[in-house]
Every structure is written in C-alpha cells, then in structure tokens.
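The structure under discussion appears below in the form of structure tokens.
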Amino acid sequence: MTRWMGGAALLGCAGLIIAVLLGEGGLSVAANIAQLVSIMPIGVALLLWLWQRPPALTKVRLSDEIDVLSSAVTAQWKAENALRTQHGLIMPIHWRVTTRDEVQAHPATITKRPLFLLDAVADDLAGFVDDFRALSARRVVLLGDPGAGKTTAAVRILLALLAARTADEPVPVLVTAAGWDPNQDLRQWFITKLSSDYPALREAKALVEGGHVLPIFDGVDELPTAAQTAMITQVNRSFAAEPVILTCRTAEFTAAVHNARQVVDRAVVLEPEPLNGNEIADYLERCMPPRPHPGWAAVCRSLRSEESALRAATSTPLGLWLICEVYLLPRTEPDDTPLPFPDPMPLLRFDRGDDLIDALLHQFVPAVVASRPPSADASEPFRPRQRRDPERTERWLGYLVTMMGTSRDLMWWRLTGGIPIQPARWPVWVLALIGGLAVAVPFGSQVWVTSPLFAVLFAALLGIVLTVLLGKTTLTALVDWQLESPASAEFRLRGRSEHVGRQVRAGVPVLVLSIVGIGAIGAVVASVSDDLSVPIFAGASALVLGLPLGLWAAGLITFTGYLAEPGGADSAGTPLQSWKADRALQLIRSAGGALFALMPVTLLVLIGDYAYCAGAPLFCVWITTLWGRHHAWLAYVFRVRRLARRGHAPRDLMYFLDDCHRMNILRAVGPVYQFRHAALQDHLARKWRDDFSRQPESNR
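Going by the numbering used here, the sequence shown opens with residue 3, and the numbers climb by one from there.
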C-alpha cells in the first residue's frame, strides 16, 4: 500500500509542477508557492531536531512507574470486582491445598510452614496474604472445574495483595493467557502485554526485569493443548525465581503437567472445596429481598436436608451466581412498572445439575435486562444507558460469539474474528472518481490557454490515474485496517526516539522522489523550449521546487505516523475508552491533514488562483487518513455498518457492549471484553447456531 501512496504523492507533485510551470508566471510563481509551503514542514522538522533523549532511568522514575502501574491496576479491578459481587456479599469459597501430589512441587520447596495449614477464604483474604508472603517463591496455582470461581479468586487475591503491598513488593497484574503464542518467549510476551494494557507505562521492560511485577496468568486452560504444556515449561524457564500465579481447570492442568513431565517449580496448588447445603442456603438467604417469594422456604429446606440437582448446581459459584441473577434481583417492565419476583419452586424439578445450569443460562439475558433499568446518572456505573431488547441482545451477542471462534476475547477491532470483510467496490470507485476529477480538472485548466487539446488530454489522463490510485489504495486500506490494532494520539516527543526515528525515515524516500522527480520534470519542460538550458532549469526546479515540496510532503507523512501511540488509552481502561482514544487519533490525523493544506490554500487564495483550493485539502486529508498504521476505529466503522445492515449488530455497537458490561453480561480485561463466564459464551453460541439453522436461506 505504501508503494501506491508514494506513487500518488509523486503524481500529485508532478501534476502541480507541470500545471504551474506551463501556466502564467511559470517558474517564478511556482518558486514562491513552494518556498511558502515549505514553512510548515520546516517547523515540524525543527521541533523534531529539538527533541532530546529521555534521561537515564533513575530510582525516582522507576518508583513513579511502579506507582502508576499500581494505581491503574487498582482502579481497573476494583470496578470489575464490584460487578462480580452479588448484593455486596462474597461467596464463602474455601481454597485448600490440593491432595493431588502429582501436580504440585515437593512441600519442602514451597514453604517451611506445614503445608496443610495454608488456605484462602474468599471473604477474608488477609490471612492468605501472610501465608503468601511466607512461601519460599510466592508461586500459586489455582485449579478448579468450570464455574469454580478461579478468575474471581484471582481478582480478589490481586486486590488483597495490592491493599497490603509494601514499597519493596511487586505489583500484581492479571493478564489473560489465551493470547500467548507458545512460539514466543513468555517473558517478552508479558512485557508487550503490559505495555499495551497499560500505555501510561514508559518502562514496562524495566519493571518486569527488575522484579517489580507479579504476573497472574488467568485461564491457562483456554490455550491449545500444546500451549498449555509449553506454558508450564516457560513459567519455569522465564520466571524461574520470581513470584507468579496461574489459574487453570483441573483436568487440563493435570494433563499439561503430565505432558511437560514437570510441575510449576516451588508453587503451591490450591483447589476450592464444594459448597455444602447449609452454606448455599445461608448465602441465598442473605441475598434475598425483605419479602422473598414464599417458595424460597421450601428451596432452602431442600438444600439443607437432601442431595439434589439444585445442590449440585449451586455447589459452584457459577450456579449460585446464576440463581441470584435470575431469581433474586428486582425486575421492571420497559415502562418501569415493577414485576413480581419469580417463583423458585421450578428449581426443585430438575434431575440433573447440568440441566438446571442450562435452564438458568437460557433465562439469564432476559433476567439481567429486566433487572437493570437504564440510567443516565454517572453515579450508577452498573446500570445501562439504554433499555435493551432481550431477544436482540441475545441474537447480537450470539453472532459475535460465533465470530470469536475459540477465543475468549471480544476485541472491538477484531469483530469478524480476524477475517477481513471485503468492501463493496462501487461506492469506493465513485468517491475515487469524484476525488480524481476534483484534482485533475483544476490542473488541466491551468494549461488551457496554452494548449486546449493538451489540457483536455492531460486532465483526462491525470483524472484516470488519480481515480485508480485513490480507489486502489482505499480498497486495500479497508482490508488492511481490519488487521490493525488500536492506538491513541500522542503529542509527546520525549521518550519516543525509536518511534519518531521510524517516522522520519519513512518520509525520506518521499523527499528524494520529490527532488528527483521534479528535477526530471524540469528537464522535460526545458527540452521542449528553445530558451531554457536543460541542466540549469532541471537543477533549479529540483532545488527551488522539489526540495521545499519534498520537505512539506515528508513532514506530512512524519506527522501522520508520529501521532499514533499503540495502546489506545492513557492508562488501563475499558474497551470503550480504548475505542474513543483510537477515534480521537483518526479525527486528529484528518484535521492535521487539513491544517497541512492550510498554507498552500491560503497562498492560492492570496494570488487569486482558486482552482486548487478543493484539491489541496482533499489530497492532504487523504494522505493523513490512509498513511501509516493503526486505523482500528475506521475499520470498526466499516465493519459495524456492514454487520448492522445484515442485522448482526446494532449501529451503536460499542455502547451496546458497554451496556452489556454494565449489566454484568461481559467483563472488561484491559481493552477487550470477555463473557462473564465461558459457559455463558458457549450457551449463546449454541443458541445462535440453533436459531440460524431454523431460518430459511433467504433470511440468513
């Protein structure tokens, strides 16, 4: 794509020079235009030359980086933990040391204390922090079946460690393991992940290398089987002597240990104890409204006295959470009319716990939509901003799940699962034709007096070539953008030497092309004139016109690339914040192109040549919009419009996903969303496939 845009830039310069040289005033007018236009890029170049390298990393700067990370992690996970807490109550899950000796290191390498005394109670983790500090290597693995609450436990352990953290202890950071490629070094991947999830950090590598970060790798079981095995090997190799926490399903971790032929060195392995009937009933009674449905008395008696499908389903946090969401939250009609609490007696009619879980998942989305009426009040972070239709919500989420494939991350810049959507061609070509004519017609008009036939042929040829270039580059961009990651606009110069250097180097070929190309054009013009010397006129054209215009074009390209800062937010935030940051970058880029066009447009107005006033801004905005990397928001707009036309997503998709996050359907992990539980994601995928298979082919 860069070749096409470089050609377009050279063609634009060539067309301008031919038109001006052959027009009235000739070289003198062209020289004045070029010299004045060059003021802007020269100013940019001066700013870049004044840039200095950042000072060496000192203890003070390192301490500031640690504080930035600690504050960002705390703010991020406090909000998520609040969403995970039912009625302000924490489920009484007890985590005990595993009895599976084959998946755990020798007790003598883990701690000097008796290992059986180590445990963690979900609603009181202060004691666990002391036990964690007493571990020889501070390494923990949390195991459990699906729905056991591993991620929730990891989040609460993270917050407990942050609350009790001293100045010399590392900052715990939770990342989803599913994004790791086993061909990549785990330590380097974690550094990259830390930088992208927390863009406010400037020294992520120094923090990790200095042991100031405690990695928490969540969801190791979501990796492919071979990668699960590689994870254990890499943890022992890349974080051999450092604290680390992992979460994984029991069966997958056991198989990975067997395949790797090694355990996680010096790590204690914890598993949750199933909740008993009394604990389940006590928790439900604490969550009940002041006047619960009469059926709850029979349900709680059943839980306390007998084994049942209900007790099996609620012995894990997943089942207990679903019952609270579906049965114990007050609901309202769309007009805010209160609804009665549902009768819980159907919970006793199931023979299998899995069937009960499936029934609860089927009722989940309608229940949370009805129990969370919209509110525009900023002090209500857990209520959606709009009333959402339950049926459409399920259908749209189901389609997005199918596009995610096996991934657990819902990335707003990867809505089609990394498979680019091919754009409709005719609208692009129509716009390209309009843009090509807007530039070509004024160029042709400049030489109309000298040679009308040449003016027509020149304008037609230039219009065709520009249309092809504009159409081709735009179609290519619409596909390439769908594979790019989000970024944010960053005006800071200090600390970005490598990035700024790359952008300056990207503009050098354009500068060279401008000097050589315009010099060649000058030679052609002189060769058809009896009054001009070819060497002198070619050299004068290259220096007087090619150099300043080349500096102007190189400055435009450098500015466009320099703005983008990977990450998409000033600190770790929600996906919506990442989306807004990338949107701001694209708008600033386009506005920057318009500003770069301000100088030549102003000059054209002053000399009374209005023909180019439309083409110059169009050309500059086109360059700044298409050039460089990180066009995630533009790709998002293109994809969402296509999906909305087909009924697969709402037009306000990001605000819809934000509402789903507020309704506790999704959780935010840095710039990506995940479903609150893998079982919910799998249920929505099955429901969408079933509904899709029943539709006639004409409606698909």
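Glycine included, C-beta positions come from ideal geometry on N, C-alpha and C.
Do residue i and residue j have their CB atoms nearer than 8 Å?
| i | j | result |
| --- | --- | --- |
| Ser592 | Val623 | yes |
| Glu335 | Val370 | no |
| Ile159 | Leu127 | yes |
| Pro673 | Ser580 | yes |
| Val270 | Leu163 | no |
| Thr2 | Ala155 | Examination of residue 2 is not possible in this model, given that the chain is present from 3 through 702 alone. |
| Tyr401 | His650 | yes |
| Gly548 | Ser516 | yes |
| Gly473 | Ala442 | no |
| Arg585 | Trp635 | yes |
| Tyr706 | Arg389 | Coverage of the chain is limited to positions 3 through 702, which leaves residue 706 absent and any answer about it impossible. |
| Ala311 | Arg374 | no |
| Ile282 | Leu248 | no |
| Ser535 | Gly521 | no |
| Leu363 | Leu682 | yes |
| Gln505 | Ala637 | no |
| Thr252 | Glu275 | no |
Looking at the structure shown, is residue i part of a helix, part of a strand, or coil, going by DSSP?
| i | result |
| --- | --- |
| Val177 | strand |
| His96 | strand |
| Tyr200 | coil |
| Gly14 | With a pLDDT of only 48 at Gly14, under the threshold of 50, the placement of this residue in the model should not be trusted, and no figure is reported. |
| Asp170 | coil |
| Leu330 | coil |
| Asp337 | coil |
| Phe352 | coil |
| Ala32 | Residue placement at Ala32 is poorly supported in this model, since its pLDDT is 45, which falls under 50; the coordinates still yield a value, given next. Reduced to three states, the DSSP call for Ala32 is helix. |
| Arg306 | helix |
| Arg251 | strand |
| Gln676 | strand |
| Trp690 | helix |
| Ala243 | coil |
| Ala84 | helix |
| Arg140 | coil |
| Glu287 | helix |
| Ile667 | coil |
| Gly1 | Only positions 3 to 702 of the chain appear in the structure, and residue 1 is not among them; the question remains open. |
| Ala489 | strand |
| Glu273 | strand |
| Thr4 | For Thr4, the predicted structure reports a pLDDT of 42, less than 50, and the residue's modelled location is therefore unreliable. A value from the coordinates is still provided. Thr4: helix per DSSP, three-state reduction. |
| Leu209 | helix |
| Ile44 | For Ile44, the pLDDT reaches just 39, beneath the cut-off of 50, and the residue's location in the model is therefore unreliable, leaving the point undetermined. |
| Phe130 | helix |
| Phe192 | helix |
| Leu225 | coil |
| Pro454 | helix |
| Phe384 | coil |
Exposed or buried, which one is residue i when buried takes at least 16 other CB atoms within 10 Å?
| i | result |
| --- | --- |
| His633 | buried |
| Leu589 | exposed |
| Val175 | buried |
| Asp267 | buried |
| Ile41 | With a pLDDT of only 37 at Ile41, under 50, the local geometry of the prediction cannot be trusted, and the value read off the model is given with reservation. Label assigned to Ile41: exposed. |
| Val177 | buried |
| Lys152 | buried |
| Trp690 | buried |
| His679 | buried |
| Trp191 | buried |
| His663 | buried |
| Gly503 | exposed |
| Asn278 | exposed |
| Pro340 | exposed |
| Phe2 | Here the chain comprises residues numbered 3 to 702, so residue 2 is not present and cannot be evaluated. |
| Trp428 | exposed |
| Arg507 | exposed |
Can you give the beta carbon distance from residue i to residue j, rounded, assuming they're within the 8 Å contact cut?
| i | j | result |
| --- | --- | --- |
| Pro184 | His214 | Actually they are not in contact, since the Cβ atoms of Pro184 and His214 sit about 26 Å apart, beyond 8 Å. |
| Phe343 | Tyr329 | 7 Å |
| Asp223 | Gln230 | 7 Å |
| Pro319 | Met93 | 5 Å |
| Val157 | Cys250 | At roughly 16 Å, the Cβ-Cβ gap does not stay under 8 Å, so Val157 and Cys250 are not in contact. |
| Val518 | Ala555 | Between Ala555 and Val518 the Cβ distance is about 13 Å, and since that is not below 8 Å, they are no contact. |
| Arg410 | Ala180 | 5 Å |
| Leu417 | Tyr675 | At roughly 11 Å, the Cβ-Cβ gap does not stay under 8 Å, so Leu417 and Tyr675 are not in contact. |
Quick one: is the Cβ of residue i within less than 7 Å of any heavy atom of the ligand FAD?
| i | result |
| --- | --- |
| Pro550 | By its list of ligands, the structure shown contains no ligand whatsoever, and the ligand FAD lies outside what it can speak to. |
The segment 294–302 in contact with the segment 253–269 per 3-pair CB rule at 8 Å: Under the Cβ criterion (8 Å, minimum of three pairs), the segment 294–302 does not count as touching the segment 253–269.
Three CB pairs or more closer than 8 Å across the segment 189–206 and the segment 65–76: Contact between the segment 189–206 and the segment 65–76 is present, because at least three Cβ pairs lie under 8 Å.
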